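What follows is one structure encoded as structure tokens, with my remarks underneath.
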Amino acid sequence: NYRGSGINYDCFFNFNYPLVYYLGAPLMAVGLNAADAVKGEFILTYLLSGALMFFYLRRKVGLPFAVLGAVLYLYAPYRLLNIYVRGSVAEAMAFIFPPLLLWCAELLAENKKRSMLVTATVFGFLGISHNISALLLTGF
């Protein structure tokens, strides 16, 4: 009880996204300071998410449409808002996983060997990158 208000603040659950640190620690180990490591994380996750979307779409559609889809995925206003306004490195990192999860869903549907293990691993990494994105993508 906090000052008789009837609200117990001792039970507040605080989750800090650990995948951000797993990527940032090697960047700092090679000599970057913390600010540059975060900027490096933004750049790496931004480029990786676009590349993964391109490779996923390339399996489905022709080259021009795969490039167009990846560019639209990169330049969505919400993505740019996350990076340049909010500075949410964890949410920017979570955009790596939707193309991977779509690919995993196809592997599961085709009943490929080890598809459940790959899907669980990808979903686990999504959960430790940004748990709200994991919650939203679970329903999808």
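In terms of our numbering, the sequence shown has 67 at position 65, counting the first letter as 1, and numbering is strictly consecutive.
Even for Gly, the Cβ is constructed at its ideal location relative to N, Cα and C.
Remember, it's a predicted structure, so these values are computed and weren't measured experimentally.
Kindly indicate which three-state DSSP category A78 falls into: helix, strand or coil? The count along the sequence shown starts at 1 and reaches residue 78 at position 76. If DSSP states are grouped into helix, strand and coil, A78 belongs with coil.
My output table needs one value for Y23: the three-state DSSP class, helix, strand or coil. Working through the sequence shown from its first residue, we reach residue 23 at position 21. Correct three-state label for Y23: helix.
According to DSSP, is S51 helix, strand or coil? Mapped onto the sequence shown, residue 51 falls at position 49. Here S51 sits in helix by DSSP.
Would G26 pass as a contact of A39 if the rule is Cβ separation under 9 Å? Residue mapping note: residue 26 aligns to position 24 of the sequence shown, counting from 1. Residue mapping note: residue 39 aligns to position 37 of the sequence shown, counting from 1. Yes, the Cβ-Cβ distance between G26 and A39 is below 9 Å.
For S135, which residues in the same chain have their Cβ closer than 6 Å to its Cβ, ignoring the five residues on either side in sequence? Reading the sequence shown from its first residue, position 133 is the one you call residue 135. Result list for S135: A96, in chain order.
Assuming G71 and L83 make a contact with CB atoms under 8 Å, what is their CB distance in whole Å? Translated into the one-based positions of the sequence shown, residue 71 becomes position 69. Translated into the one-based positions of the sequence shown, residue 83 becomes position 81. Wrong, their Cβ atoms sit about 20 Å apart, outside the cutoff.
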